[in-house]
Amino acid sequence: NPLTIAIVVGSLRRESINRRFAEALTRLPGAKGIGFTWPAIGDLPLYNQDDDADQPAATKRLKAEIRAADGVIFVTPEYNRSIPGVLKNALDHASRPYGDSAWAKKPAAVIGTTQSPAGTALAQQHLRNVIAYLDMPTLNAPEVYIQMTDALITPEGTIGPKSAEFLDSWMQAFVAWVERHRS
Ligand code: FNR
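Here the sequence shown stands for residues 5 to 187, where the numbers follow the UniProt record's numbering.
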């Protein structure tokens, strides 16, 4: 059966460039036949360990959506040289209670975009550190540091010609990575 890949977008912004970028990635040739899901993180309360024994409904829903996926793509903005708090909040929620993390063993990929030429590189490195601890086998290469320009996404919502081939090679590498880890 076809692969299911969850895309976790680290921005809640209506006009998020990372969400638009994520949507364009799913239209790459290498994404054909994949079932993408879009777990929401904006309805999670601030994580509070007091609630571990009786997790909020939104946390249970997020964990079920992650568990139903064969792999996870994190599409993250960079906030102050790290990941947005909303994304860390979601990572913390679905990692608990101890021993019942939804992230464990899920193959992952990290990507993101920004208007700056640094291409979310520092946010991605912070995220890699967190998801390594969460025992997510993460695609190392190719790395993708993408500056958002007018040409990156076409009016039709696909990846523009300058980046399409490279990003498709990334998508193909991740699909193969997920296949390899499928149990
Ligand atoms: C930013 N931005 C930003 N950009 C960057 O490349 N490196 C950074 O460290 C930061 N820091 C930062 C902090 C905060 C609090 C905000 C709100 C923004 C700019 C950021 O890349 C830009 O707002 C993007 O549009 C955010 O992505 P979304 O929400 O459009 O997907």
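For every residue, glycine included, the Cβ atom is placed at its ideal position computed from N, Cα and C.
Everything numeric in this text was worked out from a predicted model, so none of it was measured.
So residue i is in the alpha helix (DSSP H); what residue range does that whole segment cover?
i         : result
Gly-89    : 89 to 98
residue 1 : The question about residue 1 has no answer here: the residues shown for the chain are numbered 5 through 187.
Ala-68    : 61 to 71
Given that a residue counts as buried once 16 or more other Cβ atoms are within 10 Å of its Cβ, and exposed if not, what is residue i?
i       : result
Ala-72  : exposed
Glu-169 : exposed
Gln-53  : exposed
Lys-166 : exposed
Ser-120 : exposed
Leu-29  : buried
Ala-57  : exposed
Ala-68  : exposed
Asn-144 : exposed
Thr-153 : exposed
Gly-14  : buried
Gly-103 : exposed
Terminal residues of the continuous beta strand (DSSP E) containing residue i?
i           : result
Ile-45      : Here Ile-45 belongs to no beta strand (DSSP E), and DSSP marks it neither H nor E.
Thr-8       : 8 to 13
residue 215 : Because residue 215 is not part of the residues shown, which for the chain are 5 to 187, the question remains open.
Ile-77      : 75 to 79
Please give the ranges of any alpha helix (DSSP H) in the segment 131 to 185, keeping only runs that are unbroken, at least 4 residues long and fully inside the region. Restricting attention to alpha helix (DSSP H) runs no shorter than 4 residues, the segment 131 to 185 encloses them at 165 to 185, ordered along the chain.
Which residues are close to ligand 1, meaning CB closer than 5 Å to any heavy atom, in chain order? Ser-15, Arg-17, Ser-20, Ile-21, Asn-22, Pro-81, Glu-82, Tyr-83, Asn-84, Arg-85, Thr-118 and Ser-120
Okay, do the segment 61 to 80 and the segment 99 to 118 touch, 3+ Cβ pairs below 8 Å being the bar? yes
Are there three or more Cβ pairs, one per stretch, closer than 8 Å when the segment 36 to 43 is compared with the segment 7 to 16? yes
Quick check: the segment 86 to 96 against the segment 122 to 134, are there 3 or more CB pairs under 8 Å? yes
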